[in-house]
Amino acid sequence: MGNVRRAWLWCLACGIAVLIVSQVMGHVFPTEGAGYSPGYGPPVLAFEFATTADDLAKVFGTEDDPARDARVTAMDHGNWWDYAFMLAYGLYLWTFFRAVRLTSGRRAWLLFGWFGILAAVCDGIENAILLGLTADLATAPHLDWLPYPVWTKFFLLMLTSLAAGYYLVTHRHWFWTTLGLLTICGSLTVLLARWSPADLAHLITPGITIAWVSQLAYAIYRSLQAERS
Numbered sequence: 000m001g002n003v004r005r006a007w008l009w010c011l012a013c014g015i016a017v018l019i020v021s022q023v024m025g026h027v028f029p030t031e032g033a034g035y036s037p038g039y040g041p042p043v044l045a046f047e048f049a050t051t052a053d054d055l056a057k058v059f060g061t062e063d064d065p066a067r068d069a070r071v072t073a074m075d076h077g078n079w080w081d082y083a084f085m086l087a088y089g090l091y092l093w094t095f096f097r098a099v100r101l102t103s104g105r106r107a108w109l110l111f112g113w114f115g116i117l118a119a120v121c122d123g124i125e126n127a128i129l130l131g132l133t134a135d136l137a138t139a140p141h142l143d144w145l146p147y148p149v150w151t152k153f154f155l156l157m158l159t160s161l162a163a164g165y166y167l168v169t170h171r172h173w174f175w176t177t178l179g180l181l182t183i184c185g186s187l188t189v190l191l192a193r194w195s196p197a198d199l200a201h202l203i204t205p206g207i208t209i210a211w212v213s214q215l216a217y218a219i220y221r222s223l224q225a226e227r228s
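Residue numbers for the sequence shown follow numbering that gives the first Met the number 0, beginning at 0 and rising by one.
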C-alpha cells in the first residue's frame, strides 16, 4: 500500500508542476498574431500547424511589420519554457499510468505512460523545428517536417487521454464516470482539429486540459484514500 500511495503522490507532484509551468507559459507566449484564422486559437497553435511561408507571415507578420520581432521573441521565450512543460507533462502521464498499474495490478497500463513520454519527445523535436523557423523565417528551414512531430504528439496525447478516461469510467461511480466521459470527449478534439485545423484547432487545449485535470483529481483522491488505509 505504501508503494501505491507514493506512486500517486509522485503523480500529484508532477501534475502540480504541469499546472505551474503552464501558468508561466500563458504569460510568455505572444497573445496576438498577424492575421491567422481565429479557429487556431493562440498564436502558438497557429505556428505549430503552419505548413507554408504564408502561414508563418500570418503568425509573425511580414518583414515590414513593426511588431514582428516582438512576436518572434515572445514565441521563442515560450518555446524555451515549453521544454520544462514537456518534462513535466511527460513525467505526469508516466507517473499516472504507473500508479494505475500498481493500483490495478495490470502491467499493460504502463504502455500509455510510455506514450506520454513519447509525446513529450515528439514535442521536443517539434520545438527544435519551431526555434529553427523563428531563427530564419525567410527560408523557413524544415517547415515541411513540422506536421510529423506535431500530429504524432497530439495523437499520442489523445490515446493517453482515452485510456485515462476509460480507466475512470470503469470505477462505476457517477463522479468518476462523469469525469471519465468528459476526458474521453476531450481527447476526441484532436480528431476534430485534424479534420479542420484552421477552424477547430483551438479545441485541443481545453480538451486535453479536461483530461489532465480529471487525472489530477483522481490522483488527489487516491493519495488521500491510501493515507486513510
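Built from N, CA and C at the ideal position, the CB exists for glycine as well.
Nothing here was measured: the structure is a model prediction, and the numbers come from that model.
Here's the rule: buried if 16 or more other CB atoms are within 10 angstroms of the residue's CB, otherwise exposed. What is residue i?
i	result
Pro205	exposed
Arg100	buried
His26	exposed
Gly14	buried
Asp122	buried
Val23	exposed
Ser195	exposed
Ala6	buried
Phe174	exposed
Asp54	buried
Arg171	exposed
Thr177	exposed
Thr188	buried
Gln214	buried
Nearest to residue i by CA position, among the options, is which residue?
i	options	result
Trp79	Gly112, Ile128, Gly34	Ile128
Thr159	Ile15, Asp143, Ile209	Ile209
Leu90	Cys10, Ser103, Thr51, Arg193	Cys10
Ala137	Ser36, Ala52, Phe46	Ala52
Trp108	Ala139, Tyr165, Leu191	Tyr165
Ala192	Phe111, Met157, Lys57, Ala66	Met157
Arg221	Val58, Thr176, Thr102	Thr102
Leu181	Leu161, Arg67, Val189	Leu161
Ile19	Pro29, Met74, Leu110, Ala83	Ala83
His76	Ala134, Trp211, Asp64	Ala134
Asp234	Gly104, Glu31, Met85	Missing from the structure shown is residue 234; the chain here goes from 0 to 228 and no further.
Once DSSP output is grouped into helix, strand and coil, what is the label at residue i?
i	result
Val58	helix
Thr72	helix
Thr51	coil
Ala12	helix
Phe95	helix
Val20	helix
Pro146	helix
Pro37	helix
Phe28	coil
Ala66	coil
Next on the checklist: Quick test of the definition: if touching needs 3 or more C-beta pairs under 8 angstroms, does the stretch 149-160 touch the stretch 118-129?
Outcome noted: yes
Item to check | 4-residue-minimum alpha helix (DSSP H) runs that sit fully inside the stretch 97-141, ordered along the chain | outcome: 109-134
Item to check | Within the stretch 148-208, ranges of the beta strand (DSSP E) (whole runs, at least 3 residues) | outcome: none
Checklist entry - Hey, is the stretch 26-42 in contact with the stretch 185-205, meaning 3+ C-beta pairs nearer than 8 angstroms? => result yes
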